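Here is the structure we will look at, set down as structure tokens.
Number of protein chains: 2
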Amino acid sequence: MELKGIAEILEGLEETIIFKLIDRAQFHRNMVVYQSGESGFKGAGNTSLFKLRLLYHERMDAEFGRFMVPEERPFNTNLPKAKRIVHLPPNDLKIIDYNKVNLTAEIKESYLKLIPLICPKGDDGQYGSSVEHDVYALQAISRRIHFGAFFVAECKYRDNMDEYDCYIEKKDDSELLEKLTRTEVEENICKRVRQKVIHSQRKINKRIRNLIEPEVVISFYRDTIIPLTKRGELIYLLNRKK
Amino acid sequence: MELKGIAEILEGLEETIIFKLIDRAQFHRNMVVYQSGESGFKGAGNTSLFKLRLLYHERMDAEFGRFMVPEERPFNTNLPKAKRIVHLPPNDLKIIDYNKVNLTAEIKESYLKLIPLICPKGDDGQYGSSVEHDVYALQAISRRIHFGAFFVAECKYRDNMDEYDCYIEKKDDSELLEKLTRTEVEENICKRVRQKVIHSQRKINKRIRNLIEPEVVISFYRDTIIPLTKRGELIYLLNRKK
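So the protein sequences, as listed, match chains A and B.
The first sequence: position 126 = 138 (this note's numbering), numbered continuously.
The second sequence: position 187 = 199 (this note's numbering), numbered continuously.
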């Protein structure tokens, strides 16, 4: 439970997020998959193919025990119970209900705004593949945000208990957020992510595969991943049990 | 329906395979997930967690219509029917039952031998994530092999109908395989894959993420992906309708 180790795990998740965004970008925007009532699914009612895929995938994941893990927060509610016992390594989190920290609604909203920025315009008919890769990308982003929210917050708290206790008692969100912010670290993340996006695509044949712009991924880190992680840290601290 | 276009699609799938192998390699071998009777799933009987995940995933995929697409061949049988109508672009394949060309048993067998070559020794307890990424990798590999099998074979046939008809009539497997082989193309694929594996991992922090060896991926291409694609081409031609 050291900040350095936690930061390294977050760093290791960067490639996974980048790879999954690149994979999604191989398909067109296919906006129809996000339209309610257009799922084409028998008996599915007024949902979208995207929502349906996310629901089916999470139902499967729930049975496999995914959401027993703190950093895996579900996008859906009313999921089935796990059919297997997940043996988790003990963690030092001080929260009873992990789902108190669940930023999936905000993640989904931001992710859907990212689609037109990484995928080519138009419709290639590859609806199944598009929503399949949406789910993979969303889960990778969500894992990073929630892992940071829980474990970075707990670490920072331990490193400076008295000061955090004071803000927590006052429920002073803005002071807490300021305390949680490390501008230099955030800038380093963005620099590193830029390099990774460039290098992951260096040998790609542009006639064959679509590239994603480093700047788009940086903005997503700057405007979504980093702020939502901090918001999760805040929520964690406000719900932390003594 | 030109060989050059088909080859480019196959080339574009290389990154997807490489990315998914790298993602799997972030988890230990976790050999228990491949052991029958050790799934830990309530009421699952004598199966493994890996087989169970592949089955659940394919049941979901089947409902979403995945296996309506020629290059998406299922690893399991008795899957549910599609719940949506998949509007496919017309193709020029001359085969009625796509599943005549289904090399998933061989793909699975070779893939399981690859695991100890890309994943660190031992057990990290991340069983759910391991089998999740196994499914993603298997599906990417299978798509590449079956896409090649169907479309490369049809293209090659069209470019040289009389000669192929002669071998097909004689059911001469070895002459057909020889005719389908283009050694120079195969060597180029291996060279290109090596470059891609190296460059995809160039900016990776080795203390944090596990790397995969280019040579291991090349061998998998040379000994599994390329020969199984050709075997699929052969099966396609022997089942091709006039």
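All C-beta atoms, glycine included, are put in the ideal place defined by N, C-alpha and C.
Everything numeric in this text was worked out from a predicted model, so none of it was measured.
Quick one: grab the DSSP three-state call for residue i.
i, result
"residue 53(B)", "strand"
"residue 96(A)", "strand"
"residue 189(A)", "helix"
"residue 114(B)", "coil"
"residue 119(B)", "helix"
"residue 167(B)", "helix"
"residue 48(A)", "coil"
"residue 40(A)", "coil"
"residue 80(B)", "helix"
"residue 107(B)", "coil"
"residue 220(A)", "coil"
"residue 134(B)", "coil"
"residue 177(B)", "helix"
"residue 59(A)", "coil"
"residue 151(B)", "helix"
"residue 72(A)", "helix"
"residue 87(B)", "coil"
"residue 204(A)", "helix"
"residue 172(B)", "coil"
Note down, in chain order, each residue of its chain lying with its Cβ closer than 6 Å to the Cβ of residue i, except the 5 sequence neighbours on either side.
i, result
"residue 58(B)", "48 and 49"
"residue 213(A)", "223"
"residue 241(A)", "157, 160 and 161"
From the beta carbon of residue i, is the nearest beta carbon of chain B less than 7 Å away?
i, result
"residue 208(A)", "yes"
"residue 212(A)", "yes"
"residue 72(A)", "yes"
"residue 18(A)", "no"
"residue 134(A)", "no"
"residue 156(A)", "no"
"residue 127(A)", "no"
"residue 140(A)", "yes"
Would you please verify whether the beta carbon of residue i is less than 7 Å from any beta carbon of chain A?
i, result
"residue 30(B)", "no"
"residue 234(B)", "no"
"residue 238(B)", "no"
"residue 220(B)", "yes"
"residue 215(B)", "yes"
"residue 14(B)", "no"
"residue 198(B)", "no"
"residue 23(B)", "yes"
In its own chain, which residues sit with a C-beta less than 7 Å from the C-beta of residue i, not counting the 5 before and 5 after it?
i, result
"residue 230(A)", "202, 205 and 206"
"residue 21(B)", "159"
"residue 156(A)", "22, 25, 29 and 237"
"residue 173(B)", "none"
"residue 179(B)", "187, 188 and 191"
"residue 233(B)", "201, 202 and 205"
Should residue i be flagged as near chain C, meaning a C-beta pair shorter than 7 Å?
i, result
"residue 76(A)", "The structure shown contains no chain C; the protein chains it does contain are A and B."
Less than 8 Å between C-beta atoms, sequence neighbours within five positions excluded: which residues of the same chain meet that for residue i?
i, result
"residue 104(A)", "13 and 166"
"residue 76(B)", "94, 95 and 96"
Interface positions of the segment 49 to 68 of chain B facing chain A (Cβ-Cβ less than 9 Å), listed along the chain: Answer in chain order: 51, 52, 53, 54, 55, 56, 61, 64, 65 and 68.
Contact list for the segment 82 to 112 of chain B against chain A, Cβ threshold 8 Å: Answer in chain order: 95, 96, 97, 98, 99, 100 and 101.
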